[in-house]
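Notes to accompany the following structure.
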Amino acid sequence: MCKCEPETDVVPCQIQSVSRIHPCEDGNETARLPLGKRMRLAMRRRISPHWRRKLKKTFTNLVLRLRGGDRNKIAPTHADARCAPLGLKAGDRVRIRSREEIQGTLNRWGELKGCGFMTEMWQFCGTEQRVLKPVERFVDERDYQVKKARGVILLEGVTCHGTEFYGPCDRSCFLFWREEWLEKINGELN
0 MCKCEPETDV
10 VPCQIQSVSR
20 IHPCEDGNET
30 ARLPLGKRMR
40 LAMRRRISPH
50 WRRKLKKTFT
60 NLVLRLRGGD
70 RNKIAPTHAD
80 ARCAPLGLKA
90 GDRVRIRSRE
100 EIQGTLNRWG
110 ELKGCGFMTE
120 MWQFCGTEQR
130 VLKPVERFVD
140 ERDYQVKKAR
150 GVILLEGVTC
160 HGTEFYGPCD
170 RSCFLFWREE
180 WLEKINGELN
């Protein structure tokens, strides 16, 4: 529940005010999307993250059973997916691995240890960046819970400018990078 002051309508926390933001004048932010994407978006908004994970796991197990496979085959097979932590700190220089190396670490949903690799991130492959800071905690905006993270890094100036699914966005959120997708430079290579 949002606790607002009675007369001024001031919200004490920015996260609590997210539900009040209307991206378009007419209030329909999905009007420009094709019908198929609008339907998928509507379903994602109506199903809680808990049930979405349950459905995904159930569907995956069903598909694997039908194919005669085993759940371990979904896990990344690339050796760097299980490497020791790099111990990156703010200011360290890193090289983002090549597209092929990163694809070797991703499962069929484009994730590594629950962290998705967005299509907007491919343009940074092979580039050198500076670490802004490691992520220890973040607010998951799907359920407004503070979550803990390990091995997730923010890079200076590497932000999202919108996605193909949602369209352009001026929010400029930092992209989450797994340590396994990065190589430390400055003499120490992974």
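The opening residue of the sequence shown carries number 0 in numbering that gives the first Met the number 0; numbering runs sequentially from there.
Here a beta-carbon is modelled for each residue, glycine too, at the ideal position from N, C-alpha and C.
All values reported here derive from a predicted model rather than from experimental measurement.
No Cβ-Cβ contact shorter than 8 Å links Val138 with Ala148. Three or more Cβ pairs drawn from the stretch 168-188 and the stretch 114-133 lie within less than 8 Å of each other, which places the two stretches in contact.
Excluding its 5 nearest sequence neighbours in each direction, Cys172 has C-beta neighbours in its own chain below 7 Å: Thr158, Cys159, listed in chain order. By the Cβ-count criterion, Gln128 is buried, with 16 or more other Cβ atoms from all chains shown falling within 10 Å of its own Cβ. Assigned with DSSP and collapsed to three states, Ile152 falls in strand. With contacts defined as CB atoms closer than 8 Å, Lys183 and Leu87 qualify as a contacting pair. If you draw a straight line from the Cα of Trp50 to the Cα of Asn185, it comes to about 44 Å.
Separation of Leu154 and Trp108 (C-alpha to C-alpha, rounded to the nearest whole angstrom) is 23 Å. Ile46 is classed as exposed because its beta carbon has fewer than 16 other beta carbons within 10 Å across all chains shown.
Per DSSP, Lys132 is one residue of the beta strand (DSSP E) stretching across 127-139. Counting other Cβ atoms within 10 Å of its Cβ, Phe58 stays below 16 and is therefore classed as exposed.
If you draw a 10 Å sphere on the C-beta of Val130, you find 16 or more other C-beta atoms in it, and that means buried. With fewer than 16 other Cβ atoms inside 10 Å of its own Cβ, Val145 counts as exposed.
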